[in-house]
Every structure is written in C-alpha cells, then in structure tokens.
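When you read off a place in the sequence shown, starting at 1, and then add 21, the result is the number in the numbering used here.
Ideal placement from N, C-alpha and C gives every residue a C-beta, glycine not left out.
Just below is one structure, and these are the notes that go with it.
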Amino acid sequence: MTAIQAYIDDLDRRLSGSAGAKADLLTEARDGLHDAAEAYREGGIDGADAERRAVADFGPADLIAREYQAELGLRRDIRVLWELIVGVPMLILAWDLARVLSSGDWTRLGHPPSWYYRAIGAADILAALSPMVAVGGVIVARLLSRRREGPSIARVVSWSLAGAVGLNLLAVTMYGGATGFLEPARLIVSVPCAVLSATWILFSMRLTVAARRRRSTA
C-alpha cells in the first residue's frame with residue numbers, strides 16, 4: 022500500500038458522516054497529495070519518498086481529521102436547515118389543506134374562546150419564523166463563505182439551526198397544547214389531519230435530535 026493510500030485510509034477511519042460528503046473530502050485530499058507527490062518527483066525525488074514527503078507536508082492525520090470532521094458537521098447542519106426550510110412550510114400548507122378538504126370549517130366544532138385564537142396566532146408566527154431564521158442562516162453562511170471565514174460560518178449555521186429548530190418545536194408544542202387543553206377531540210379532527218400532525222411531530226423530533234447532536238459535538 023502506498024503512503025498516500027495509507028494516509029487516506031487513516032483519514033477515512035477517523036471521519037464520520039455522510040458517505041457522499043466524506044468521499045468528496047477524501048477525493049480532494051487524495052488529489053492534492055498526488056499533485057504534491059508529482060511535484061516532488063519532477064524535482065528528482067523517487068516515487069515512494071515523494072509520497073511520504075507529500076503526506077508529511079499535508080499534516081498529521083489526527084489534525085486534518087478534526088478539520089474535515091468540522092466541515093462534515095457544517096455540511097450536515099446546512100442540509101438540516103434546508104430540510105426545515107422545505108419541510109415546515111409544506112407540512113403547514115398540507116395540514117391546512119387537509120383540514121379544509123376533510124373537515125370543513127373549523128368553527129363547526131364550536132367557537133373557541135379568544136385566548137385560543139391568540140395562542141394559535143402566536144404559534145402561527147413562530148412556525149413562520151422558523152424557516153425564515155433557517156433561510157437567514159443559509160444566506161449569511163453563503164456570504165461568509167465567499168470571505169473564507171470558516172469558524173464564523175460554523176457559528177452562524179449552528180445558532181441558526183438551534184434557533185430555527187427551537188421555534189418550530191415551540192410552535193408545535195403550542196398548537197398541540199392549546200388545542201388539547203381546549204378540546205382534545207380537535208387534535209384528531211380528521212384522519213388526514215391526525216396523520217399530518219403526527220408527521221410534523223416526528224419531523225420536529227428528528228430536527229431536534231440532529232440539532233442536539235451537533236451542539237454536543239461542536
């Protein structure tokens with residue numbers, strides 16, 4: 022096994038994350054090492070020694086692995102932000118459409134008190150803010166990436182993810198809590214609505230777990 026391949030295999034064992042993202046980073050590292058080794062060979066260094074020097078110049082595997090792991094975490098966070106940006110609005114629209122088509126006017130179950138409208142209105146605002154915060158995080162991260170400010174990008178994405186997921190989770194809690202307190206039967210106003218509500222809860226739990234895992238490893 023060549024020095025370059027042994028180094029790449031060592032990096033591979035140290036990294037965890039998306040297989041595709043790992044493959045991209047390892048391919049970039051391999052290409053860079055081969056280019057460096059080729060430059061040494063052109064300078065008169067034999068093949069094996071050229072690869073060893075290229076590996077030494079690249080840096081210790083444990084240090085490079087930490088940098089690559091941070092990059093993998095950043096890519097994962099951005100992917101979760103995009104899932105939230107797309108998923109939350111789709112679930113909101115789907116639930117409203119299912120309610121209209123399957124159960125008709127919400128007031129057919131009786132007119133709820135004014136506090137319920139205020140609670141649901143607040144939940145609506147939180148649910149709308151969640152993807153907006155996520156979009157803001159993605160935009161700022163893109164702008165910072167042009168200036169190559171890696172640590173700043175990671176912080177922006179991490180806090181955006183925490184904020185967006187927190188807002189979404191609070192909105193779901195307020196929807197369910199207010200409705201369940203008023204009249205539990207409204208939680209299952211129709212089968213499609215119940216299925217979509219459960220889907221939203223599971224989706225929110227998945228986002229929360231992803232955000233907590235990232236914060237615990239940051």
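Inset, instruction - Give me the Cα-Cα distance between S237 and G157, rounded to the nearest whole angstrom. - result: Here the model assigns S237 a pLDDT of 49, short of 50, so the residue's position is not dependable, and the following value carries that caveat. Each residue's alpha carbon lies about 23 Å from the other.
Legend entry - Own chain partners of R73 with C-beta closer than 6 Å, once the 5 adjacent residues on each side are dropped: Only A24 meet the Cβ criterion.
Inset, instruction - Within its chain, find whatever has a CB closer than 7 Å to the CB of A86; leave out the 5 residues flanking it on each side and keep chain order. - result: L32, R35, L36, listed in sequence order.
Legend entry - Nearest candidate by alpha-carbon position, reference G278, set V178, Y28, L95, I160: Outside the modelled stretch of the chain, which goes from 22 to 239, sits residue 278, for which no answer is possible.
Inset, instruction - Report the option in G80, D117, I141, V107 whose CA atom is closest to the CA atom of A215. - result: Nearest of G80, D117, I141, V107 to A215, Cα basis: D117.
Legend entry - The alpha helix (DSSP H) enclosing H132, as first and last residue numbers: For H132, no alpha helix (DSSP H) segment is defined, and its DSSP state is neither H nor E.
Inset, instruction - Specify the secondary structure class of L36 as computed by DSSP and reduced to three states. - result: Look at L36 here: in three-state DSSP terms it is coil, with no helix or strand label.
Legend entry - Residues near D145 by beta carbon distance below 8 Å, same chain, minus five either side: Within its own chain, the residues whose Cβ lies closer than 8 Å to the Cβ of D145, once the five positions on either side in sequence are excluded, are A192, listed in chain order.
Inset, instruction - With DSSP as the reference, label T220 as helix, strand or coil. - result: T220 falls in the helix class under three-state DSSP.
Legend entry - Limits of the unbroken alpha helix (DSSP H) element including E72: That run of the alpha helix (DSSP H) goes 68-79.
Legend entry - Reduced DSSP category for E204 - H, G, I as helix; E, B as strand; rest coil: Of the three classes helix, strand and coil, the one that applies to E204 here is coil, per DSSP.
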